[in-house]
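Written below as structure tokens is the structure these notes are about.
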Amino acid sequence: MEPYKKHESIAALMNRSNVDTDQIIPKQFLKKVERSGFGAHLFHDWRFNDDGSDNPDFELNKPVFKDAKILVVGDNFGCGSSREHAPWAIADYGFNTIISTSYADIFYNNCFKNGILPIVVSAEQLDKLMAEINANEGVKFVVDLENKQVTTPAGNGFSFEIDPFRQGNLLSGLDDIGLTLIHEDKITAYEQQHKQTYPWLWV
Amino acid sequence: MKKTMYEKIWDSHLVIEVPGQAPLIYVDRHLMHEVTSPQAFEGLRLSGRKVRNPHSILATMDHCVPTKDRDLPIADPIARKQIEVMAENCRENGLNLYDMKNPNNGVIHVVVPEHGFVHPGMVVVCGDSHTATHGAFGALAFGIGTSEVEHVMATQTLPQKKSKTMLVQVNGKLSRYSSAKDIALAIIGKIGTAGGTGHVIEYAGEAIKDLTMEGRMTLCNMAIEAGARAGLIAPDEKTYEYLKGREFAPKGASWDQAMAYWQSLPSDEGAVFDTVITLNAEEIEPQVSWGTSPEQVIGVNGTVPSPDSFDNEGKRKACESALAYMGLTPDTKITDIPIDLVFIGSCTNGRIEDFRIAAEVTKGTKVAPGVKAIAVPGSYHVKHQAEAEGLDKIFLDAGWEWRDPGCSMCLAMNGDELTKGQRSASTSNRNFEGRQGKGGRTHLVSPAMAAAAAAAGHFVDIRKL
Chain A
82 MEPYKKHESI AALMNRSNVD TDQIIPKQFL KKVERSGFGA HLFHDWRFND DGSDNPDFEL
142 NKPVFKDAKI LVVGDNFGCG SSREHAPWAI ADYGFNTIIS TSYADIFYNN CFKNGILPIV
202 VSAEQLDKLM AEINANEGVK FVVDLENKQV TTPAGNGFSF EIDPFRQGNL LSGLDDIGLT
262 LIHEDKITAY EQQHKQTYPW LWV
Chain B
15 MKKTMYEKIW DSHLVIEVPG QAPLIYVDRH LMHEVTSPQA FEGLRLSGRK VRNPHSILAT
75 MDHCVPTKDR DLPIADPIAR KQIEVMAENC RENGLNLYDM KNPNNGVIHV VVPEHGFVHP
135 GMVVVCGDSH TATHGAFGAL AFGIGTSEVE HVMATQTLPQ KKSKTMLVQV NGKLSRYSSA
195 KDIALAIIGK IGTAGGTGHV IEYAGEAIKD LTMEGRMTLC NMAIEAGARA GLIAPDEKTY
255 EYLKGREFAP KGASWDQAMA YWQSLPSDEG AVFDTVITLN AEEIEPQVSW GTSPEQVIGV
315 NGTVPSPDSF DNEGKRKACE SALAYMGLTP DTKITDIPID LVFIGSCTNG RIEDFRIAAE
375 VTKGTKVAPG VKAIAVPGSY HVKHQAEAEG LDKIFLDAGW EWRDPGCSMC LAMNGDELTK
435 GQRSASTSNR NFEGRQGKGG RTHLVSPAMA AAAAAAGHFV DIRKL
């Protein structure tokens with residue numbers, strides 16, 4: 082995983098709530114056995130017309146959002162299925178930061194495994210950010226994960242909360258499995274105990 | 015201290031708490047299917063790691079598999095590859111796989127209980143959000159992403175943040191025409207699809223105790239649609255009765271030992287939940303979803319709501335866009351909505367009791383002109399049981415298709431799907447845009463409601479049949 086660095090990037094706006102993982106990556110693209118290449122299908126059913134051409138009415142097809150790394154969206158983003166293809170598609174498309182009031186639990190967890198920072202803001206703060214993008218499409222926000230700060234040209238900056246463990250992992254790009262295996266002796270000890278307490282699980 | 019069932023399971027599975035890190039919890043059972051596992055196996059291979067406990071894993075093929083002409087090669091080359099890769103990964107790692115030709119094959123969350131693979135008090139994971147199903151046994155069961163699938167294979171643990179607890183108390187008796195599916199939809203209608211976010215739900219109350227094990231599975235299955243991490247129901251005599259004698263259930267002296275543990279699991283009297291929701295089962299009518307989110311749901315005697323009826327701006331907008339997608343106008347009676355296709359099946363409603371009730375409603379009817387109706391058993395065991403009871407004949411005589419098991423039209427990955435503008439009555443769990451095919455319009459209902467709609471060509475109030 083790439084370490085997450087402080088960056089100044091275009092913030093794209095999708096003013097939609099309850100965007101589910103079936104919209105983020107429709108099921109016809111879940112049959113691949115690799116992790117890469119899902120960005121081409123991100124938001125497929127909204128993004129493309131039936132003939133495969135770009136749908137000009139879809140927010141992210143606006144040329145001004147082309148190089149955006151920050152996605153500003155409505156409540157309860159990523160609800161529905163557990164498919165990690167959703168954050169794979171988001172990261173592969175080029176986003177590394179999402180700003181919303183709330184996320185579905187599994188999606189939120191999946192983001193951190195893929196170098197994506199999902200920032201939680203208040204509804205009031207989200208309204209301000211959306212208004213700023215609407216008034217100045219192509220506006221760039223600065224995201225500083227180390228100091229948990231977002232700054233914007235119109236002064237709608239804010240600090241955000243994030244679990245320090247997850248923050249550290251994103252900043253260092255560390256692999257979760259490696260971190261867990263540091264405690265392998267504890268896992269083995271637990272397992273021994275488990276076999277004694279719940280022997281019927283081991284038959 | 016008085017503990018909830020969730021807290022008891024959590025405490026007994028805590029491996030280590032390192033300050034500043036997410037606690038590591040131990041995983042007893044790991045369920046697998048072909049869609050969310052290949053990249054996890056690839057990750058293991060690349061890092062030179064091994065599956066820590068192959069016996070903890072049970073795998074099946076369900077999402078992409080055809081539900082007819084199973085003797086022919088899979089037409090879709092990418093789906094075929096995914097199936098082949100699954101078989102190879104399981105072979106290489108010595109995992110128990112019920113492949114397409116195996117008599118135990120079926121939808122993972124239908125197959126696992128059939129074999130008694132999940133017991134009360136376990137921690138169970140699967141790269142599939144409907145893992146919540148197994149909460150019906152009093153197991154903490156939840157969906158995970160593919161990176162976590164790899165993590166569990168390599169370490170048998172998961173870093174997890176402790177959830178908050180929510181008690182959903184359903185008092186009173188359910189009418190005989192309403193089902194576990196209607197309770198599930200009514201709860202989601204009440205608390206919304208984000209209502210349970212960050213929580214594990216425990217369902218309790220007379221109506222829950224009265225449910226059969228299969229009904230409890232249906233209810234817990236849709237905990238995820240209420241945004242919850244998992245759903246739980248305290249184990250009781252019905253749970254033990256269901257498990258006894260199944261392949262992976264404890265036997266002999268182990269059974270008694272297991273029972274002593276299981277009986278210690280229910281939440282202590284007076285244990286405190288972070289959130290409490292109460293419903294009266296007597297008020298739960300047969301439900302029909304009208305929108306593109308499971309929270310957009312109403313009783314069958316209702317009408318399609320108008321955006322103006324919502325006092326919240328977000329919900330108003332969501333209603334407007336759902337009505338546009340669904341091709342519905344406000345104030346239309348639910349019973350006046352015509353349908354094109356009926357699907358009975360899925361991990362929500364693909365078990366034997368679902369086909370029994372649907373067959374009871376279907377018996378002596380004919381599928382309405384212009385309507386296609388497909389019955390897709392959740393497993394070969396369900397299929398064969400239904401056939402032994404003659405249920406297949408009832409469906410076939412009425413003009414239904416009787417298929418082989420799989421996820422099928424629940425998520426339409428296997429070629430079974432709606433075409434643009436087609437409208438379904440479906441016993442599955444999600445009515446998202448495009449879920450059953452691009453431009454397809456899904457109405458979520460119980461099996462009895464689906465069967466009645468197939469015969470009438472539109473929704474009907476089954477209480478009036």
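These protein sequences, in sequence, are chains A and B. Throughout the first sequence, residue numbering follows the working numbering, covering 82 to 284 in sequence. Throughout the second sequence, residue numbering follows the working numbering, covering 15 to 479 in sequence. Beta carbons: idealized from backbone N, C-alpha and C, even for Gly.
Under a CB-based cut-off of 8 Å, is residue i close to chain B?
{"i": "A/G161", "result": "yes"}
{"i": "A/L262", "result": "yes"}
{"i": "A/N99", "result": "yes"}
{"i": "A/Q104", "result": "yes"}
{"i": "A/K209", "result": "no"}
{"i": "A/A185", "result": "yes"}
{"i": "A/K108", "result": "yes"}
{"i": "A/G155", "result": "yes"}
So, at 6 Å on beta carbons, what are the nonlocal neighbours of residue i in its own chain, with the 5 sequence-adjacent residues on each side left out?
{"i": "B/R330", "result": "P321 and F324"}
{"i": "A/N195", "result": "P168 and A172"}
{"i": "B/L109", "result": "P68, I71 and A73"}
{"i": "B/K252", "result": "M227"}
{"i": "A/F193", "result": "R247"}
{"i": "B/H148", "result": "V132, V138 and A155"}
{"i": "B/R230", "result": "A150 and I247"}
How close, in whole Å, do the beta carbons of residue i and residue j come, if the pair is a contact with beta carbons under 8 Å?
{"i": "A/G155", "j": "A/N96", "result": "6 Å"}
{"i": "A/V224", "j": "A/I151", "result": "7 Å"}
{"i": "B/P80", "j": "B/N428", "result": "6 Å"}
{"i": "A/L226", "j": "A/Y85", "result": "5 Å"}
{"i": "B/S335", "j": "B/R243", "result": "Not confirmed; about 28 Å, so no contact."}
{"i": "B/E48", "j": "B/M100", "result": "4 Å"}
{"i": "B/A389", "j": "B/G359", "result": "7 Å"}
{"i": "B/H144", "j": "B/H123", "result": "6 Å"}
{"i": "B/T317", "j": "B/T362", "result": "Wrong, their Cβ atoms sit about 25 Å apart, outside the cutoff."}
Please confirm whether residue i has its beta-carbon closer than 8 Å to some beta-carbon of chain A.
{"i": "B/H47", "result": "no"}
{"i": "B/R444", "result": "yes"}
{"i": "B/Q271", "result": "yes"}
{"i": "B/H123", "result": "no"}
{"i": "B/A237", "result": "no"}
{"i": "B/H165", "result": "yes"}
{"i": "B/Y40", "result": "yes"}
{"i": "B/M427", "result": "yes"}
{"i": "B/E447", "result": "yes"}
{"i": "B/K95", "result": "yes"}
{"i": "B/P127", "result": "no"}
{"i": "B/T207", "result": "yes"}
{"i": "B/S323", "result": "no"}
Going by beta carbon distance, what residues of the same chain come within less than 8 Å of residue i, once the five residues before and after it are set aside?
{"i": "B/E447", "result": "T306 and Y339"}
{"i": "B/T349", "result": "V314, N315, H472, F473, V474 and D475"}
{"i": "A/G118", "result": "D173"}
{"i": "A/L255", "result": "M82 and G249"}
{"i": "B/L432", "result": "D354, L355, M423, A426, S438, Q450, G451, G453, G454, R455 and T456"}
{"i": "B/Y112", "result": "L72, A73, T74, M75, N118, N119, G120 and V125"}
{"i": "A/P107", "result": "H122, H125 and D126"}
Residue i versus chain E: which residues are under 7 Å apart at the beta carbon?
{"i": "B/D142", "result": "Absence of chain E from the displayed structure is noted, the protein chains being A and B."}
Whose C-beta lies closer than 7 Å to the C-beta of residue i among residues of the same chain, with five residues either side of it excluded?
{"i": "B/M480", "result": "As displayed, chain B neither begins before 15 nor continues past 479, which places residue 480 of chain B out of reach and without an answer."}
{"i": "B/A285", "result": "K16, K17 and T18"}
{"i": "A/N142", "result": "R128, D135 and N136"}
{"i": "B/K22", "result": "L279"}
{"i": "B/G364", "result": "V121, V124, V390, P391, G392 and V396"}
*Counting only runs of 4+ residues fully inside the region 282-348 of chain B, write out the alpha helix (DSSP H) ranges in chain order.*
327-340
*Answer yes if the region 415-424 of chain B comes into contact with the region 391-398 of chain B, meaning at least three C-beta pairs across the two stretches below 8 Å, and no otherwise.*
yes
*Which whole runs of the beta strand (DSSP E) in the region 229-282 of chain A are 3 residues long or more, in chain order?*
230-232
*If we count Cβ pairs, one from each stretch, closer than 8 Å, do we get three or more for the region 32-43 of chain B versus the region 132-139 of chain B?*
yes
*Do three or more CB pairs link the region 191-205 of chain B to the region 224-239 of chain A at distances below 8 Å?*
no
*For the region 108-151 of chain B, list the alpha helix (DSSP H) runs that are entirely contained and at least 4 residues long, ordered along the chain.*
122-128
*Within the chosen definition, does the region 148-165 of chain A reach the region 155-169 of chain B through at least 3 CB pairs nearer than 8 Å?*
yes
*Can you give, in chain order, each stretch of the alpha helix (DSSP H) that sits fully within the region 153-241 of chain B and has at least 4 residues?*
160-169, 194-205, 220-224 and 227-235
_Would the region 136-149 of chain A count as touching the region 85-104 of chain B if we require 3 or more Cβ pairs under 8 Å?_
no
_Within 8 Å, do at least three Cβ pairs link the region 288-305 of chain B to the region 23-37 of chain B?_
no
*beta strand (DSSP E) runs contained entirely in the region 111-192 of chain A, provided each spans 3 or more residues*: 151-154 and 178-181
*Residue ranges of each alpha helix (DSSP H) run of no fewer than 4 residues wholly in the region 36-89 of chain B, ordered along the chain?*
52-61
*With a floor of 3 residues, list each beta strand (DSSP E) that falls wholly inside the region 244-271 of chain B, ordered by position along the chain.*
244-247
*asked:* Quick check for students: name the residue ranges of the beta strand (DSSP E) that lie wholly in the region 387-460 of chain B, counting only runs of 3 or more.
replied: 437-440 and 455-458
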